[in-house]
Amino acid sequence: MTTTLTEGQIFSAKYTMLHRIAEDDQCDCWLALDTELNERVFLRVFKQDLDNEIRQSISQIINRQRGLLHAQIPRIYALDRFDDTDFIASQYIRSQAEFNHAGDFAEQWQLLRQAAMALEFAHGLGFAHGHLHPHNLLIDNSGNIQITDFGISASQKKQISQYLSPQVKTEHAADASDDIYSFGQLLFRGLTGKYWRDGQTFESNLPIPEEFQQLLISMLSDSPYNRPRDLSTVIEIVDAYVAGDNDKVEAIVSDFSRVQPETVDISNRSTHIFPRERNLVSAPIALAGLFLLVILAFFVFRFLPEAEPIIVAEDAGSVSTPTVAPTPQTDAPEEKILTPLEIARLKELEEQGSEIATRLLRLQIEVEDIGGQIWAKEQYSAALNYGLEGDAAYRDKAFELALGKYQQGVTTLEMVLDSTESVSLQNQAIGRQALEDGDSALAQKAFTILNAITPRDPEILASLERAENLKQVQTLIKNGEIIERNEDLSGALSFFEQAYALDPEWAPAHIARQRIKQKIANAAFNDKMSIAFSALNKKEYATAREAFLEARQILPDSDEPKDGLEQITISEIQDAIGSHQQELHQYVADEDWAEAVIGYEAVLDLSPGTTFATQGLSYAQARITLDKELRRFVSQPGLMLTDSALTEAKAVLLKAARIKDPGKKLLDQINRLSHFISLARIPIEIELRSDNKTEVTVNRVRNFGKLASTKLELYPGTYTIVGKRRGYRDVREEVILRGGRPVRPILISCTEKI
1249 MTTTLTEGQI FSAKYTMLHR IAEDDQCDCW LALDTELNER VFLRVFKQDL
1299 DNEIRQSISQ IINRQRGLLH AQIPRIYALD RFDDTDFIAS QYIRSQAEFN
1349 HAGDFAEQWQ LLRQAAMALE FAHGLGFAHG HLHPHNLLID NSGNIQITDF
1399 GISASQKKQI SQYLSPQVKT EHAADASDDI YSFGQLLFRG LTGKYWRDGQ
1449 TFESNLPIPE EFQQLLISML SDSPYNRPRD LSTVIEIVDA YVAGDNDKVE
1499 AIVSDFSRVQ PETVDISNRS THIFPRERNL VSAPIALAGL FLLVILAFFV
1549 FRFLPEAEPI IVAEDAGSVS TPTVAPTPQT DAPEEKILTP LEIARLKELE
1599 EQGSEIATRL LRLQIEVEDI GGQIWAKEQY SAALNYGLEG DAAYRDKAFE
1649 LALGKYQQGV TTLEMVLDST ESVSLQNQAI GRQALEDGDS ALAQKAFTIL
1699 NAITPRDPEI LASLERAENL KQVQTLIKNG EIIERNEDLS GALSFFEQAY
1749 ALDPEWAPAH IARQRIKQKI ANAAFNDKMS IAFSALNKKE YATAREAFLE
1799 ARQILPDSDE PKDGLEQITI SEIQDAIGSH QQELHQYVAD EDWAEAVIGY
1849 EAVLDLSPGT TFATQGLSYA QARITLDKEL RRFVSQPGLM LTDSALTEAK
1899 AVLLKAARIK DPGKKLLDQI NRLSHFISLA RIPIEIELRS DNKTEVTVNR
1949 VRNFGKLAST KLELYPGTYT IVGKRRGYRD VREEVILRGG RPVRPILISC
1999 TEKI
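Those letters in the sequence shown? Residues 1249 to 2002, per our numbering, in order.
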């Protein structure tokens, strides 16, 4: 295949490719839209060019099958070629799956029986499938079986050859006996789970009567002469078997065996016998028939009265009606002798009369096909009378008169046919109005006429069904209205639902149904709303929410459930805020500002912008900052050694002192910091001792050199005293001086040699 196919592509000018369905080594299968017919089709696009012989063969099969119309045999439209690519267009069947042998045999038979009936129909018209197997038995969306690829071998899947007759395998022309073989294989596989092979024994887990086994074996015979002639008996036997009536199976097989032709031995024939050859009569039967004909001929010629010879016209196109001349009477008047011109004229009139009579008959059939005898009764009857009068004149050899009568009949019926469209439009209008007005009889009459004009039209059939149901629908509506007045809304709805189910398009049924459903919905809605508000007042929020949601489902367009749900949310938030407020009072009292911050933030999450929470959060965060500053100086008073730190500490103390209603914790911090500030600039005397070998230095104060003992005064704070001696490891000691506390002598001596 040289063409690359994509979704949305325009193919062969009239097909829009929708999507790929399947693909194998031979074909690319697509669902496409026939843009001319606005109809979806199945396209099988061949990957390799077909040779002329195969292309011609497929085309002939398709052309022959144009008259094969069956609901379970999808139509094959055409074999065509585009852009050096061969493809077949056929009817699209929305299929769920290929037929398989899953499930018990009774379930399989429900589908296989449909296939058998369709095959029987096709065989009756002279068509055969030839390549029947599970892969071309599709189950459509309605659960019915569809037989695809009729007469065309399209699948190369494995195990298909098991279903093909020996004759098809050797490429002989297929006929009904080949389908019977394939169908026998389908039945055998369904019963045993295996494929039949010649010489195989019949083994199955199912109790299968011997007679039924013999039928299957005959269907699977290598010789087409040993197979049943058609599928009708097979269907009857399998029906009886599935129904469990083995006695009926035995009886049918017994009758079937008695009428089967004698088995013909064709083992010595080298080729498969074609259908026309099978119709030949065997030699003994032919001789017997010939003998009977000879005897019959003797009696015919022996006892047949003398008659004038039958005259047959030489013209192959027309044959005169055979007549037997009466025996001449001596007293009969002498017949008028016609001239050749008169004979020719009469002959011409006779032929014209025959032609127009045929035309009249065809028109009569056409009119009957569209129900003209119903809606154009007078014209139809008049045309029939013209025909009868013409026949009488024709028999009397009054050919000109006959010709005129026939022509009048033709003209009358042509007028009927010409009026079809206007009659159709008129009855469409009458029928629609009658349905709207509730006139069942008039609607039935109009749509019956339309159904006759356009048989099996889905829209017309639906309207006719509506017309037939209209009186019942009206009765149901009346009963429902009576019940409704008695306040039995559910009972009224039952009647209205029945009426609506019968005719969803009839406005009164639709209106009544909607009205009562609205009443029921309003009552249920009010009940749910009452339950919801009652629960809301009791702070049973889960119950209230459930009731509001159910009310919203009943009337989705109502704003009341939405408002109720919002009230629940507001109440839940208020309750949560109230709970947080109680906790916050305790946190503030305990001066637990970290927990207070969490509580205020929780309130703001519930209700952003709440004033008390906003202010409380700011205050709590400020107290946390103040607490950190106070704890810093109280826990490390030595930080106030520098003037800047002391100034900072005094500012913190001032800030803390300005807090209104300070708690116990804050007052303690204020007192302690005040004490440390008061001592910050009162010197503390300390004594340094050493070994007169170590140089002693007080960082940020002075270097005292080597000493044995000395005293000095230092402000409260943290000091680092360092001792150094050559050849010894340095010593370092940190001293914290706090006002009001005595300090023991401090020894600094390097004693650890390096």
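Ideal Cβ positions, reconstructed from N, Cα and C, are used throughout, including at glycine.
According to the DSSP assignment, E1808 belongs to the alpha helix (DSSP H) that extends over E1808 to A1837. Taking V1836 as the centre and dropping the five residues before and after it, the same chain places the C-beta of A1844 closer than 7 Å to its C-beta, in chain order.
In the three-state reduction of the DSSP assignment, S1957 falls in the strand class, which pools E and B. Counting only residues of its own chain and dropping the five nearest sequence neighbours on each side, I1309 has a CB closer than 7 Å to the CB of G1399 and I1400. Beta-bridge annotation (DSSP): K1972 is paired with E1943.
Residue burial is scored here from C-beta neighbours: A1261 has fewer than 16 other C-beta atoms within 10 angstroms and is therefore classed as exposed.
Each residue's CA atom was taken as its position, placing L1609 and F1353 some 51 Å apart. In the structure shown, N1300 adopts helical secondary structure according to DSSP, grouped into three states. Inter-residue distance for Y1325 and D1705 is about 22 Å (C-alpha atoms, whole angstroms).
Non-local beta-carbon contacts of A1376 in its own chain, meaning distances under 8 Å to residues more than five positions away in sequence, involve A1370, G1399, A1422, D1423, A1424, D1426 and D1427 in chain order. Bounds of the beta strand (DSSP E) holding E1271 are Y1263 to E1271. I1697 and A1641 have their C-alpha atoms spaced approximately 34 Å apart. Between I1816 and S1855, the C-beta gap is not smaller than 8 Å, which leaves the two residues out of contact. Restricting attention to E1301, E1943, T1791 and Q1766, the CA atom closest to the CA of L1813 is found in T1791. Within 10 angstroms of the beta-carbon of D1495 lie fewer than 16 other beta-carbons, which makes it exposed. Taking 8 Å as the cut-off, the beta carbon of L1797 is found no closer than this to the beta carbon of I1768. Here P1885 is buried: its Cβ has 16 or more other Cβ atoms, across all protein chains shown, within 10 Å. Three or more pairs of CB atoms, one per stretch, sit closer than 8 Å, so the segment 1406–1415 contacts the segment 1428–1438. At the C-beta level, L1434 and L1360 come within 8 Å of one another.
Rounded to whole angstroms, D1840 and K1912 show a C-alpha spacing of 12 Å. Rounded to the nearest whole angstrom, the C-alpha separation of P1472 and E1637 is 55 Å. Counting the other Cβ atoms within 10 Å of the Cβ of N1675 gives 16 or more, which makes it buried. Segment contact: the segment 1860–1877 against the segment 1938–1951, fewer than three CB-CB distances shorter than 8 Å; contact not assigned.
The three-state secondary structure of W1444, taken from DSSP, is coil. With respect to the 8 Å criterion, D1282 and D1334 are not classified as neighbours on the basis of their beta carbons. Note: E1935 is bridge-paired with K1959 in the DSSP secondary-structure output.
Taking a 10 Å sphere around the C-beta of M1467, we find 16 or more other C-beta atoms and assign the residue as buried.
Less than 8 Å separates the beta-carbon of V1615 from that of L1665.
In this structure A1682 touches A1694 by the C-beta definition: roughly 6 Å separates them, less than 8 Å. Counting C-beta pairs with one atom in each stretch, the segment 1648–1664 and the segment 1621–1634 have three or more that are closer than 8 Å, which means they touch. Residues L1479 and I1483 of the same chain have their beta carbon placed closer than 6 Å to that of A1364, with the five preceding and five following residues left out of the count. In the three-state reduction of the DSSP assignment, H1420 falls in the coil class, being assigned neither a helical nor a strand state.
Under the three-state reduction of DSSP output, S1338 falls in the strand class. Inclusion of Q1415 and A1366 in the CB contact set at 8 Å is not warranted, their separation being larger than that value.
Short of 6 Å from the beta carbon of F1259, and not among the five residues preceding or following it, lie these beta carbons of its own chain, in chain order: M1265.
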